[in-house]
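**Q**
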Amino acid sequence: MKQFRARLIFISILFGLGSLAIIARLFTIQVLESKRYVERSKDQTQQRLILTANRGNILDRNSLKLATSIETDYSLKSQMVGIKLSNEKKPVKRVYRLGEIGGSILGYIGADGYGLGGAEFLFDNYLRGEDGWIILQKDGRNHKYRKIGLPVKEPRKGYDVVLTIDSKIQKIVHAALKKTVTALNAKGGMCIVMDPNTGKVFAMANEPSFDPNYASRYPLNQRKNKCISYVYEPGSTFKLVTAAAALQEQYFKEDDLLYGDNGVFRIYDQMIRDHSPFGYLTFSKALSYSSNVCFAKIASEIGNKTMFDYIRDFGFGTKTGIDLPGEEIGIVHPVRSWSGRTLVTVAIGQEISSTLLQMVLPFAAVANGGILINPRICEKVIDNKGNIVDSAECKMVRRVLSEQVAARLRIMLRDVVDNGTGKNARIEGISVAGKTGTSQKPDSGTYSKTRNWSSFIGFAPVENPLLLCGVVIDEPAGGEMGGAVAAPVFRDIITQIISHPDLEFAQKILQKKSVPVPHENRYQNLPVLCGKTRNEAKAQLDSMDIDYEFLGNGNRIVFHLPTDGYFVGKNEKLILYTDTQITDDSRQTRMPDCVGKDLRDAINIISIGGFKPFVIGCGTVKKQMPAEGTVVRSAEICTLYCSFES
Amino acid sequence: MNNRMARMDIGLFVAVLVLLGFGIVFVYSSSFAVAQQRFGGSDFFLARQTIRALLAIISFMVFINVDYHIWGRLSNLFYVASIILLVIVLFLPEINGARRWISIGQFSFQVSDFARMALIMVLARNCERAGDEIKNWNVLSKILLKAGIVCGLILLEPNFSTALILALIGLMMLFLSGARFMHLATLAVSTIPVMLILVLKTPYRKARITGFLNIISEQSNLGYQAFQSLIGLGNGGIFGVGLGKGEQKFFYLPEPHTDFMISILGEETGFIGLLIIISIYAFIIFRGMKISLNAPDRMGQLMSFGFTSVIAMYLLFHTAVGTGLVPTTGIPLPFLSYGGMSLIFMMSSVGILLNISSQADVSAKVLQSIRSERLIKV
């Protein structure tokens, strides 16, 4: 019994020691090393899940969705504790409703959800929003749960970016450009439509384009927005800059005569040629007929320094500042590196290159009264409650032309379309101004005969420009001229825009023109005015409520436009030409006879006689003022009235 | 009946009831996730544990009222029955890689649970019969053989840990009944190479050992379960994360409601909670030892020691596994772990233990008189 007791106590002590060992072990784990295990537990039971914020939409100016994200809905509120979270992370799916239409403006996003081009790239910070996160409970099978009490930060949806782009215009532009590029088997094309007053871009199209829904299927080069990144030689469209410099600096007036050298102008070893030989042209007609020779001469008058200043002031060689990524600055050589012939080649748009966007801005300046504007594509950025977060202002870069010069250039550009190389841009019922351009592509040191950029840049209506459109067709088949290729695209686009019932332009143009009046009141038969004195004509016209203007300093009316028997529109101006009074007879000459002669010959004859011709119309001379044989002072202006057949 | 209940060790009984109550709470806390996943209802184990606990208390009621001497007389019968069952189970289909269970209708039980009771009874009876002759190797070896057959058959199931526990309990019973220390020590030492071979020849046992050695490095997959158990304990800290709020039961621990109950308890009630629970066990074991000391005869002494040491050994093994002190093996925590028939067997042995206590829990004189009375009667 004694032995049993001893042995039982011995065993009990063993059990006791075992228990103490266990307790010591528990103390180590639970008290001394607890912190480490708590962390390990957290590591394995909690997982931070990033909740990707839904990307904001890109809208057009009518709030139509151009780019939207398929909402990755975590529906945090509806998730109950302990229910498995099924969709942990979905790749961001971006939908571009218009497909390849406008792809180059919108850009695209990469697999990581970051914008990689166009508006998607530039406004990425706004669009992306703020990712949220959630701490999920994870069990041993790696299933994840939401658990009450664990912190959550809900994602903030990205802001919506409203563009100045109009889907309808974009569609029109895209289709028109695509049609022409396909029909002419051209390499490509670009087109910009914008508001010349505010710089808001309504449309910007590239051909070939790309569909941002499947961006990765297109070569990188095709995903670029060529309107702002493709550099080309603007050619004759650039003559506007030269003409603007000449007018603004008062080297020339519209009716100053220039001799076309019959189409060839030699400077150093290079020939400047015209597409057809010209004799004498007025400054204005030189633009209308796009005479390279005359513009070479104009540039020679202007000189390097002034020419360069205007090129620079019109924004060449610098970014336009449009809110799109990837803009190129073009190539403008500094004056010090100009060769002897650079001045004249630059004047006709060679040895200089720019983007289409840079090239349309001088036209916008002419259209809006002389201000170089900052083009833009973003209207505003709005948050999820509709508050405006950021908005783009209409910004002017600088005044480059005076109001008057801009107005005179508008009339000159209108003549390009009405009578010159841009006839294909004429649109029924609306006045159009613009300039054609055909620039041969550089080809191993010289210029290619067959490969060119054909362009047209213009605006309408001239009286109150609302739309500015620039078109470039890259390598049209057969080396077609800008007037033949690009001008019809312009006409096509503008016609569709102004006749589109859902767009505001038709309404605006109509309002500006006049309050519609009954047809019988709209036009008035002209009375017989020739031979009457100023005062008689004044009295008569005032009574008929016809607007009029006198030209000439004489007292007797010799001719008027429109001529007898024609109607004059309610808002048209009747121009009355008077005979010319001679005040200084120190040097008198007889006026040569020009009536019945070809305009070009007439200009020659008049010039040789020491007179300055003022041409109205074109074709054959019908009448001259002063009349043949009249004794006049030399250097007097001789007005040539021509038939209006070209 | 009331007589017995009045004279038994009430403290021990209350302690066991407290543990049973804890068991129901923690079985639910630890099993609802597993139950939801496996059976589609979080209260699957809770409901069963509650029913088993009630059945266990009923069987306790039965056993406390049966004089333990009957078990001595029936012990050889039970022993033979358990041998037959242990052989039968070897021919039944495997469940989780071992043949341990026999199912009769809805009920299934581990044969080793029954064999354990039978072995303790038969050893107690045989040692009492042997008396001082136990010091004789020939006598001792016959008794050892009986224990060896049971342990060997359990080892064949295979169930190494249970076999080891039963062998240790058997050796302690023989040691208590007066066997020579040298005999037992020689035997124990001679089994070490056998055990080593058994461990090294069996890939899963070897893997568990390797995993156990790698717990510290935390990298091994084999140490995963043990390390998860440590995370549970450590995460609980001093005061625990609170009832039901543990993380480890969510499929980090393989059998949270049975083999890793300590980890769940430690995580939810902390070091303090485990101290209390271990103290309750210590109290039960202490009382069990006291019953053994005060038992009216050698068989009662040995039987009560046997049943008490089962509780102690299971507690030590379970906590040692849970704290990573020994390789992972499936030993439940008595009264607290979810268990079907094993809980009923365990409460039955508590019934026998308290029956012994009811016969001893009187003064020595009364004890003496009862003994003489009975002797006279016999």
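Line order of the protein sequences matches chains Y and U.
Going by the numbering used here, the residue at position 414 of the first sequence is 742; the numbering climbs one at a time, nothing skipped.
Going by the numbering used here, the residue at position 94 of the second sequence is 109; the numbering climbs one at a time, nothing skipped.
C-beta atoms are modelled at their ideal positions from N, C-alpha and C, and glycine is treated no differently.
#1: With burial defined as no fewer than 16 other Cβ atoms inside 10 Å of the residue's Cβ, what is the status of Glu655(Y): buried or exposed?
#2: Run through DSSP, which three-state label would Gln331(Y) get?
#3: Can you tell me whether Lys581(Y) is helix, strand or coil according to DSSP?
#4: So, with DSSP's three-state summary, where would you put Ala533(Y)?
#5: Name the two residues that bound the continuous beta strand (DSSP E) containing Ala788(Y).
#6: Under 8 Å, do Ile739(Y) and Ala788(Y) count as touching if we go by C-beta distance?
#7: Do Cys555(Y) and Thr646(Y) come within 8 Å of each other at the CB atom, strictly closer than that value?
#8: Can you give me, in chain order, the residues of the stretch 176 to 188 of chain U that have a beta carbon less than 7 Å from any beta carbon in chain Y?
#9: Per the DSSP calculation, Trp86(U) is bridged to which residue(s)?
#10: Which residues does DSSP list as the beta-bridge partners of Glu458(Y)?
#11: Can you have a look at Glu172(U) and say buried or exposed, based on whether 16 or more other CB atoms are within 10 angstroms of its CB?
#12: Among Leu444(Y), Asn453(Y), Lys507(Y), which one has its Cα closest to the Cα of Ser544(Y)?
#13: Can you list, in chain order, the residues of its chain whose CB lies under 8 Å from that of Leu202(U), leaving out five sequence neighbours each side?
#14: My output table needs one value for Tyr329(U): the three-state DSSP class, helix, strand or coil.
#15: Would Ser495(Y) pass as an interface residue toward chain U - the criterion being a Cβ-Cβ separation below 8 Å?
#16: Using a Cβ-Cβ distance under 8 Å, would Ile341(Y) count as near chain U?
#17: How far does the alpha helix (DSSP H) with Thr217(U) in it reach, from first residue to last?
#18: Any C-beta of chain Y sitting closer than 8 Å to the C-beta of Thr334(U)?
#19: Could you work out which residues of chain U lie near Gly477(Y), taking near to mean beta carbons separated by less than 7 Å?
#20: Check whether the Cβ of Leu354(Y) lies closer than 8 Å to any Cβ atom in chain U.
#21: Indicate the three-state DSSP secondary structure (helix, strand or coil) for Cys722(Y) in the structure shown.
#22: Give me the Cβ distance between Asp388(Y) and Leu491(Y), rounded to the nearest whole Å; I'm assuming they're in contact under 8 Å.
#23: Could you spell out where the alpha helix (DSSP H) holding Ile600(Y) opens and where it closes?
#24: Is it right to say Ser432(Y) is buried, meaning 16 or more other beta carbons lie within 10 angstroms of its own, or is it exposed?
#25: Quick one: complete alpha helix (DSSP H) runs, 4+ long, within the stretch 46 to 74 of chain U?
#26: Would you decide whether Ala814(Y) is buried or exposed? Buried here means 16 or more other CB atoms lie within 10 Å of its CB.
#27: From which residue to which residue does the beta strand (DSSP E) around Lys975(Y) run?
#28: In or out: Gly337(U) buried (at least 16 other Cβ within 10 Å) or exposed?
#29: Under three-state DSSP, which class holds Ile339(Y)?
#30: Taking Cβ-Cβ distances below 7 Å as the criterion, which residues of the stretch 242 to 276 of chain U are in contact with chain Y?
#31: Please report the residue range of the alpha helix (DSSP H) in which Arg742(Y) lies.
#32: Which residue wins for smallest C-alpha separation from Ala178(U), given the options Arg67(U), Cys166(U), Phe320(U)?
#33: Measuring CA to CA, which of Asp494(Y), Ala692(Y), Ala955(Y), Met809(Y) is closest to Gly924(Y)?
#34: Below 8 Å, how does it come out for the stretch 610 to 628 of chain Y and the stretch 669 to 682 of chain Y: are there three or more Cβ pairs, yes or no?
#35: Can you give me the Cβ contacts of Gly697(Y) inside the same chain, cut-off strictly under 6 Å, excluding the 5 residues immediately before and after it?
#36: Sort Ile119(U), Gly146(U), Gln125(U), Ala113(U) by Cα distance to Ser97(U) and report the nearest one.
**A** This is what the structure gives:
#1: buried
#2: helix
#3: Of the three classes helix, strand and coil, the one that applies to Lys581(Y) here is coil, per DSSP.
#4: strand
#5: 774 to 788
#6: no
#7: no
#8: Met187
#9: Its beta-bridge partners do not exist; DSSP assigns none.
#10: Arg484(Y)
#11: It counts as buried.
#12: Leu444(Y)
#13: Leu159, Leu186
#14: helix
#15: no
#16: no
#17: Thr217(U) -> no alpha helix (DSSP H), and no H or E assigned at all.
#18: Closer than 8 Å: yes.
#19: Near Gly477(Y) there are no residues of chain U at all, since even the closest Cβ is about 10 Å away, more than 7 Å.
#20: So, interface residue.
#21: coil
#22: 6 Å
#23: Segment 598 to 601 is the beta strand (DSSP E) holding Ile600(Y); no alpha helix (DSSP H) there.
#24: buried
#25: none
#26: buried
#27: One cannot answer for residue 975(Y) here, as it falls past the ends of chain Y, which runs 329 to 974.
#28: buried
#29: helix
#30: Taking 7 Å as the Cβ-Cβ cut-off against chain Y, the residues of the stretch 242 to 276 of chain U that qualify are Leu245, Ile246, Leu248, Gly249, Asn250, Gly251, Gly252, Ile253, Glu262, Phe265, Phe266, Tyr267.
#31: 731 to 747
#32: Cys166(U)
#33: Ala955(Y)
#34: yes
#35: Scanning its chain for C-beta atoms nearer than 6 Å, with the 5 sequence neighbours on each side dropped, one finds around Gly697(Y) the residues Glu731, Ala734, in chain order.
#36: Gln125(U)
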